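Data block below; observations after.
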Amino acid sequence: MFSCPVGLLRRVRRAQGAAQVLAAVAYEGSAVDTRSAADAVERLTATEQETARLAAIHQAEFDAMAERLLALQAELSDYIDR
Numbered sequence: 001m002f003s004c005p006v007g008l009l010r011r012v013r014r015a016q017g018a019a020q021v022l023a024a025v026a027y028e029g030s031a032v033d034t035r036s037a038a039d040a041v042e043r044l045t046a047t048e049q050e051t052a053r054l055a056a057i058h059q060a061e062f063d064a065m066a067e068r069l070l071a072l073q074a075e076l077s078d079y080i081d082r
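Here the UniProt record's numbering is used: the first residue of the sequence shown is 1, the next is one more, and so on.
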């Protein structure tokens, strides 16, 4: 119905993309750099998944509140019309 922390999810995805570029560059470098870049990508992926999970929870809560508000608005309208 309405959007939640979409901006946060976009920022996480951009950071993940940057980490993947760093991983590709590090691939040409030492194995240690590749490993730390791969770890960064893994952490960012986990963060993205957690952010998406929390966004879905908040979206569901927000939608439920919006539906309740519409129901209350209808009740108030019925009450005023009497």
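Every residue, glycine too, gets a C-beta built ideally from N, C-alpha and C.
All values reported here derive from a predicted model rather than from experimental measurement.
Cβ-based burial, A46 [other Cβ within 10 Å; buried from 16] = Working through the sequence shown from its first residue, we reach residue 46 at position 46. With fewer than 16 other Cβ atoms from the protein chains shown falling within 10 Å of its own Cβ, A46 counts as exposed.
Have a look at A55, Q16, D63 and flag the residue whose alpha-carbon is nearest the alpha-carbon of V39.
-> The sequence position of residue 39 within the sequence shown is 39, counting from 1. A small fix is needed here, since residue 39 is Asp in this sequence, not Val. Considering only alpha carbons, the answer is Q16.
Alpha carbon to alpha carbon, how far is A74 from Q59?
-> Sequence index remark: in the sequence shown, residue 74 carries index 74 (1-based). Sequence index remark: in the sequence shown, residue 59 carries index 59 (1-based). Near 23 Å, if we compare the C-alpha coordinates of Q59 and A74.
To the nearest angstrom, how far is it from the Cα of R13 to the Cα of A55?
-> Within the sequence shown, the letter at position 13 stands for residue 13. Within the sequence shown, the letter at position 55 stands for residue 55. When rounded, the distance between both Cα atoms is 14 Å.
May I ask you to report which of helix, strand or coil DSSP gives F2?
-> Taking the first residue of the sequence shown as position 1, residue 2 is located at position 2. Unreliable positioning characterises F2 in this predicted model, as indicated by a pLDDT of 47, which lies under 50. The coordinate reading is nonetheless provided below. DSSP places F2 in the coil class of the three-state scheme, outside both helix and strand.
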